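Working notes for the structure below.
Protein chains: 2
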Amino acid sequence: MTTAAAVHAKAIALGKLCVRMTARAGSGHPSSGLSLAHLVTQLMYREMRYDPADPWDAAADRLVLSEGHAVPIVYAALADLGAAVGRTRAEARPLTPADVDGLRDLPSLLDGHPNPAEGVPFFDAATGSLGQGLSVAAGLAAGARLDNSPRRVFCIIGDGESREGQVWEALDFIVDHKLSAVCAIFNANGQGQTSYVSAQQSAERLAAKLAAFGWKTVTIDGHDPDAIAGALAEMKAGLPPLAIVARTVKGWGVDELQKGNWHGKPLSDDHVAAADADLDRQAEKLAKGASELARPPAAGKCGKRVERRDPREVKWPSFSEAMRAGGFEKALAKNELGTRKAYGAALRTAGDLLPQVVVLDGDVSNSTFSELFAKAHADRFFECKIAEQNMVSVAAGLSAAGFVPFVNTFSKFVARAYDQIEMANISRANLKIVGSHSGISLAADGPSQMSLLDVAYFHSLASVRGDDRQSPQCWLYQPADAVAAYHCTRLLTIHGGMCYMRTHRPDVPLLYPHDAVFEPRGFNVLAQGDDLAIISGGYMVHVARQAVEMLARQGRRAALVDVYCLPTDAVRLADTLRKTGRRALVVEDNYGGGLGAAVSAIAAAHGDLRVANLFCQRMPKSARTPEEILDYCGVGARQIADQALALLRRPA
Amino acid sequence: MTTAAAVHAKAIALGKLCVRMTARAGSGHPSSGLSLAHLVTQLMYREMRYDPADPWDAAADRLVLSEGHAVPIVYAALADLGAAVGRTRAEARPLTPADVDGLRDLPSLLDGHPNPAEGVPFFDAATGSLGQGLSVAAGLAAGARLDNSPRRVFCIIGDGESREGQVWEALDFIVDHKLSAVCAIFNANGQGQTSYVSAQQSAERLAAKLAAFGWKTVTIDGHDPDAIAGALAEMKAGLPPLAIVARTVKGWGVDELQKGNWHGKPLSDDHVAAADADLDRQAEKLAKGASELARPPAAGKCGKRVERRDPREVKWPSFSEAMRAGGFEKALAKNELGTRKAYGAALRTAGDLLPQVVVLDGDVSNSTFSELFAKAHADRFFECKIAEQNMVSVAAGLSAAGFVPFVNTFSKFVARAYDQIEMANISRANLKIVGSHSGISLAADGPSQMSLLDVAYFHSLASVRGDDRQSPQCWLYQPADAVAAYHCTRLLTIHGGMCYMRTHRPDVPLLYPHDAVFEPRGFNVLAQGDDLAIISGGYMVHVARQAVEMLARQGRRAALVDVYCLPTDAVRLADTLRKTGRRALVVEDNYGGGLGAAVSAIAAAHGDLRVANLFCQRMPKSARTPEEILDYCGVGARQIADQALALLRRPA
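Those protein sequences? They're chains G and H, same order as listed.
Going by my numbering, the first residue of the first sequence is number 12, and it counts up by one from there.
Going by my numbering, the first residue of the second sequence is number 12, and it counts up by one from there.
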């Protein structure tokens, strides 16, 4: 009873701060924050075992606020607790109640939604695009288990938010992997942005669904401190994991916020005083004579943690050694191997060398060849089944826990999780995304399995400078052969941030010597020629090579340029093109806006280089061979050669 | 009993064809097809009310094969029934058993996965990227209800596939909208691609989940014709909708296919004969003396259908009339209105004029302003709640039913459904996607709510030519003011295919006279200048205008070009740039690869035009005003002017 009064008192004090800061900011979601006042207080002051001054402690419990718009109530608690904030540990300082008035202001680290990279390390991942938090929580718990950490992870999900299918993917994943260190808390306030939530998301329906998904489910009054404490006490090791459905009131304690639709609207300054008075009346009723809450309980200790090795320090075996270890002895003898296969062997090697590498796949590990890693390092392989959104967000959680996750599926199905990838990018997650079966060379399966927009998408992501202003926010690799795939995989482990690599289905001959050098922003000139350059990446380098040979038979000297990395070295590429008649033809097995756009932008910035683009000219369909579908889409070798000739015929 | 034997006989015959065609193709999924042999037979010969020769009948029942890789068994049935195939009704001809040997071949219309656009109108949407079919089925049923059609829609979903969260979004949507004309059939064969499905997707668990989602659920033996018929007989009008969990055997009837992992692998030619013998033994046991199955029952009749008007024939009210009807009288007087608001009024007008326009929103209709349509045309408005993937695929279903769906949410959250958009694009769906709160001008909410890659993504989609080889597969519009938003919305209704329009949060002054002309591939020169062109679209046109004014004060004459449509008229744009010192600066409120990439490609193709790109230079964060965040990201008016001056200083 005394404790309950103290929780009420604190929840009310935080609620006041939440109302005030959103009013000062002129935007934000005070009503959502108030619905969580008691849950957040109980969790952050009484349940979570952590030191607010040390958000980097691997043993500490964590809170993932999946409904990110409710963040002001958490900021209020962080300010009250003097939690450490700052972009780096060296810059850390305690957050103060005065800080919160800067909510959503440019100089403030208190973003409109949880954003660890701006300086709130209490959070592990940016949230605000809904439905992703529970997957992040699962990734954190999976990482904690690898690290022998006593960490528990609490995740708060909105009832309206639980309409997002990804939530149900995460619930399955957590059961599959027995991650009972995750507690899922559903905030059932019954209101969404435009109206009430659907009856499909009512507290009763949610509880029934959660039980059917194999979770122990407790429904409580989310403003009753004792009920919250009682429910949280049900959390146990082992299945089933615990889900709490908490009935709450949007705008709890403030009369004005319970009238009409206040979603996402701050109170005006004159309403703030009334809100304070309303909350004072609640305090009078619920928190009379309450003592101050104690600091949260201390974190436990990790057992033996996974060693994090410096990826720049480890020595990789030779290409042929790694391929042999992957079982590709025969392919090596034939000098022909698919990039996806060489990647599989490289991934396994990365796992041998770097204990922090973990791998996720979506039921296609025998296609992506991530199975080579799975066989060698089963404890660090996460089968995510057919649920790509959850897979990417779980990987973001593993990254936040200090692991280096490689995410694998067909590159077409990577698109299923582009929003999750953007959120991981905001979090500066150290994600390595590898998409197989890229472009149209997949042929027989048809367009539903072909990635056609991935190069444009990741090229756009790669266009933005990272926080160091030197490297990009994302690297994009397109290896043309097995050697390139092997060495580029090593580069992925070295880059400290998001990378995307694109592999292809067909087996292809080796283009490079085993010890060829690949580097960030790199490209290679595979054949010299001064009439024009044919520029490509990935599988298309082989097709472009045929075109170069056709042109040679017609007496035309085309250079063959393999741009395996984006962003690429613009100065060196422009120099290269000055030696190829200032002309280039870029050829791609995907839609426009990718490599051709990158090269065109470099050329257009100079104004004295001419670039023609040849990419997939129409919607592909099924065909039995890559050659057939390349021709059909206008990017076959003959068509490339013809385009090159047309470019050469144009006046300089 | 006799009927059961006949169903067995037919299922076995179709199974043989399925095995043969995949063997001939050298790829495909015979084992998945065989697991569906009885379900497909029962549905396509006995349950579905339709004429195989008339797949265009709006009253006919439909089958959505969500697990698209199992399509050979459906092709077998279509060939046996002589179903109409062909890209257009005029070209239609019956499919023959000989046709199926062309499976996955370039000249064949039998793609590796269901692909109506290649000439199989039995299907309504391309499937194969998993988890999307039930949403399409819901869209078809929603369309059927509007058309007073007796249509029922059967949807087959794999058990492993049901891991995709979108399936659970669709189940909620169907209950919300009482679309009990949909029957969801789960094919529980217990096997995925790499291994067995998770216990979370077992038949028992699936049944429990479906019941918890509010569905009447029947679990049956999916190879027992009577059991299938009995389960389907449970389908009734009104809630709850019917779900069937059918236990099946992957590779049913063929010994070889039940050994080890045969997912996605065809039998070799010598195994085909053994498979035939195995299936003959099954026939001996189950189908002795069976008679031939009758043709499927005839379709019912529609009541009064929704009128489809020719969008080119309707006369739109003036801009000011439409804005007044939308409640924006005051804004009109002030000459200032946000593009999202003008779009809302335009959408309402489209609804007034075109009965086939339907609107979907994801619980943000008071932000996207699609609520103006909802208030006027409640019967054609679909609240999809917070589940964007389902929303897009439902819209694809509505498009297949002959409606013109406008899909609305924040443009950031459109990214949640990029894979669904690609699938809809393969289906040539007539989707109008309108994303609001685009780019960084959203400011206070922070990056989790800002679309930064959407222009690059849709520009890539817009790079591909449509089937007519003239228009692109997708149009991208970026209106800069309310007038542009109004007139561009009209263009969206006229284009017969996918369009994306990007609106912004802030209110902005009107740039255009009310009767300004906007057209496909259009751009407008808003200010003349011969020193250089500043090119932009959407909100950034206003910022660029300020930069042009700054430059004018320094004696520099910059043209201001509003490229509101991509693809844009390349010839005219190049001509324009020849009059602006052959120099252009493209400015954007998003990451690279968008408008700047498009203009750079045009310039680089000429080789005598210089283009500099200025886009969002770093990850945005929260800020209280658009100006602050524009400056922070390096694209404020002053920064644009400085870049223009730098470009002018460079030698020509």
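Built from N, CA and C at the ideal position, the CB exists for glycine as well.
Everything numeric in this text was worked out from a predicted model, so none of it was measured.
query: For G/V111 versus G/A90, is the C-beta spacing smaller than 8 Å?
result: On the first sequence, position 100 is the one that residue 111 of chain G refers to. On the first sequence, position 79 is the one that residue 90 of chain G refers to. Yes, Cβ-Cβ distance for G/V111 and G/A90 is below 8 Å.
- prompt: Using 8 Å as the Cβ pair cut-off and three pairs as the minimum, do the segment 124-142 of chain G and the segment 638-654 of chain H touch?
  reply: No, because fewer than three Cβ pairs between the segment 124-142 of chain G and the segment 638-654 of chain H fall closer than 8 Å, the two stretches do not touch.
For G/Q654, three-class secondary structure by DSSP: Numbered from its first residue, the first sequence carries residue 654 of chain G at position 643. In the structure shown, G/Q654 adopts helical secondary structure according to DSSP, grouped into three states.
task: Output, in chain order, the set of chain G residues within a Cβ distance shorter than 8 Å of H/C627.
output: Here residue 627 of chain H corresponds to residue number 616 of the second sequence, with the count starting at 1. Going along chain G in sequence order, the residues near H/C627 (Cβ under 8 Å) are V475.
- prompt: Counting along the chain, where does the alpha helix (DSSP H) carrying G/R583 start and finish?
  reply: Residue mapping note: residue 583 of chain G aligns to position 572 of the first sequence, counting from 1. Residues A581 to R589.
field: Per-residue contacts from G/K270 into chain H (C-beta, under 7 Å)
entry: Walking along the first sequence from the start, residue 270 of chain G turns up at place 259. The premise fails here: G/K270 is roughly 16 Å from chain H at the closest Cβ pair, so nothing lies under 7 Å.
- request: Would you decide whether G/T591 is buried or exposed? Buried here means 16 or more other CB atoms lie within 10 Å of its CB.
  value: The count along the first sequence starts at 1 and reaches residue 591 of chain G at position 580. Buried, since its Cβ has 16 or more Cβ neighbours within 10 Å.
message: Just to confirm the assignment: which complete alpha helix (DSSP H) runs, minimum length 4, are found wholly within the segment 144-209 of chain G?
response: Fully enclosed alpha helix (DSSP H) runs of 4 or longer: 144-157 and 176-187.
- prompt: Which of the three DSSP states, helix, strand or coil, is assigned to H/Y468?
  reply: Within the second sequence, the letter at position 457 stands for residue 468 of chain H. Per DSSP, reduced to three states, the secondary structure at H/Y468 is helical.
query: Which ranges would you report for the beta strand (DSSP E) in the segment 367-425 of chain G if only whole runs of at least 3 residues count?
result: Every beta strand (DSSP E) of 3 residues or more that sits fully in the segment 367-425 of chain G is shown, in chain order, as 368-372, 392-394 and 415-421.
field: DSSP-derived helix/strand/coil call for H/L28
entry: As a working note, residue 28 of chain H is residue 17 in the second sequence. When DSSP states are grouped into helix, strand and coil, H/L28 belongs to the helix group.
query: Which whole-angstrom value is the C-beta distance of H/S381 and H/R513, which I expect to be below 8 Å?
result: Stepping through the second sequence from its first residue, residue 381 of chain H is reached at position 370. Stepping through the second sequence from its first residue, residue 513 of chain H is reached at position 502. Contact flag wrong, Cβ pair sits at about 15 Å.
Between the CA atoms of H/L54 and G/A454 - distance to the nearest angstrom: Mapped onto the first sequence, residue 454 of chain G falls at position 443. Mapped onto the second sequence, residue 54 of chain H falls at position 43. Rounded to the nearest angstrom, the two C-alpha atoms are 31 Å apart.
message: Give me the residue from H/E245, H/L157, H/P308 and H/V265 with the minimum Cα distance to H/R57.
response: Taking the first residue of the second sequence as 1, we reach residue 57 of chain H at position 46. Residue H/P308 is the option with its Cα nearest to H/R57.
- prompt: If we call anything under 8 Å between Cβ atoms a contact, is G/A623 one with G/L577?
  reply: On the first sequence, residue 623 of chain G is found 612 positions in, with the first residue counted as 1. On the first sequence, residue 577 of chain G is found 566 positions in, with the first residue counted as 1. At the C-beta level, G/A623 and G/L577 stay beyond 8 Å of one another.
- request: Evaluate the contact criterion for the segment 341-359 of chain G versus the segment 498-517 of chain G: three or more CB pairs, one atom per stretch, below 8 Å.
  value: Flag = yes, the segment 341-359 of chain G and the segment 498-517 of chain G touch.
task: Going by CA-CA distance only, name the one from H/L217, H/C510, H/F384 and H/S43 that's closest to H/Y468.
output: Stepping through the second sequence from its first residue, residue 468 of chain H is reached at position 457. Nearest option by C-alpha distance: H/C510.
query: When burial is assigned at 16 or more other CB atoms within 10 Å of the CB, is G/E318 buried or exposed?
result: Numbered from its first residue, the first sequence carries residue 318 of chain G at position 307. The residue is exposed, with fewer than 16 neighbouring Cβ atoms inside 10 Å.
message: Can you tell me whether H/S376 is buried or exposed? The criterion is at least 16 other CB atoms within 10 Å of its CB, across all chains shown.
response: The count along the second sequence starts at 1 and reaches residue 376 of chain H at position 365. By the C-beta density criterion, H/S376 is buried, having at least 16 other C-beta atoms within 10 angstroms.
message: With DSSP as the reference, identify every bridge partner of G/V75, one or two as the case may be.
response: Residue mapping note: residue 75 of chain G aligns to position 64 of the first sequence, counting from 1. The secondary-structure analysis by DSSP pairs G/V75 across a beta bridge with G/C166.
task: Using 10 angstroms around the beta-carbon of H/T107, count the other beta-carbons present and answer buried if the total reaches 16, otherwise exposed.
output: Residue 107 of chain H sits at position 96 when you count from the first residue of the second sequence. By the neighbour-count rule (16 or more Cβ atoms within 10 Å), H/T107 is not buried but exposed.
- prompt: In chain order, what residues of the same chain lie with their CB nearer than 6 Å to the CB of H/K315, ignoring the 5 residues before and after it?
  reply: Position 304 of the second sequence, counting from 1, holds the residue named residue 315 of chain H. N159.
Chain G contacts made by the segment 228-239 of chain H, where a contact means CB separation under 7 Å: Within the segment 228-239 of chain H, no residue has a Cβ lying closer than 7 Å to any Cβ of chain G.
message: Looking at the strands, I want to know which residues DSSP matches up with H/N624.
response: Counting from one through the second sequence, the residue named residue 624 of chain H turns up at place 613. H/N624 is bridged to H/V597.
Integer-rounded CB distance, given that H/L606 should sit under 8 Å from H/V10: The structure shown does not extend to residue 10 of chain H, since chain H is modelled only from 12 to 663, so the question has no answer here.
message: Given the structure, does G/A407 come close to the ligand NAD, in the sense that its CB is under 7 Å from one of the ligand's heavy atoms?
response: In the structure shown, the ligand NAD is absent, as is every other ligand, since no ligand is present at all.
- prompt: Between the Cα of H/Y550 and the Cα atoms of H/R100, H/A411 and H/L521, which residue gives the shortest distance?
  reply: If you number the second sequence from 1, residue 550 of chain H lands on position 539. The residue with the shortest Cα to Cα distance from H/Y550 is H/L521.
query: Mind checking whether H/I239 and H/A195 have CB atoms under 8 Å apart?
result: Indexing the second sequence from 1 puts residue 239 of chain H at position 228. Indexing the second sequence from 1 puts residue 195 of chain H at position 184. Taking the C-beta atoms as reference points, H/A195 is found no nearer than 8 Å to H/I239.
- prompt: So, is the C-beta of H/E215 closer than 8 Å to a C-beta in chain G?
  reply: Locating residue 215 of chain H in the second sequence gives position 204, counting from the first residue. No, H/E215 does not count as interfacial toward chain G.
task: Would you be able to state if there are at least three C-beta pairs under 8 Å between the segment 391-398 of chain H and the segment 360-377 of chain H?
output: Enough Cβ pairs lie closer than 8 Å, so yes.
- prompt: Checking contacts by CB at 8 Å: is G/V572 closer than that to chain H?
  reply: By one-based count along the first sequence, residue 572 of chain G stands at place 561. No, G/V572 lies away from the interface with chain H (no Cβ there is under 8 Å from its Cβ).
- request: Could you please give me the residues that DSSP links to H/M509 through a beta bridge?
  value: For this step, residue 509 of chain H is matched to residue 498 along the second sequence. Residue pairing by DSSP places H/M509 opposite H/C485 in a beta bridge.
message: Since G/I545 and G/V559 should fall inside the 8 Å C-beta cutoff, what is the C-beta to C-beta distance between them, to a whole number of angstroms?
response: Residue 545 of chain G sits at position 534 when you count from the first residue of the first sequence. Residue 559 of chain G sits at position 548 when you count from the first residue of the first sequence. About 6 Å separates the beta carbons of G/I545 and G/V559, which is inside the 8 Å limit, making them a contact pair.
query: Taking the C-alpha atoms as reference points, what is the distance between H/A223 and G/K220?
result: In the second sequence, the residue the question calls residue 223 of chain H occupies position 212. In the first sequence, the residue the question calls residue 220 of chain G occupies position 209. Linking H/A223 to G/K220 through their CA atoms gives a straight-line distance of about 5 Å.
- request: Please confirm if H/F134 has its CB atom under 8 Å from at least one CB of chain G.
  value: Walking along the second sequence from the start, residue 134 of chain H turns up at place 123. Not an interface residue.
- prompt: First and last residue of the alpha helix (DSSP H) that includes G/A609?
  reply: Walking along the first sequence from the start, residue 609 of chain G turns up at place 598. Under the DSSP assignment, G/A609 falls in the alpha helix (DSSP H) whose first and last residues are L606 to H617.
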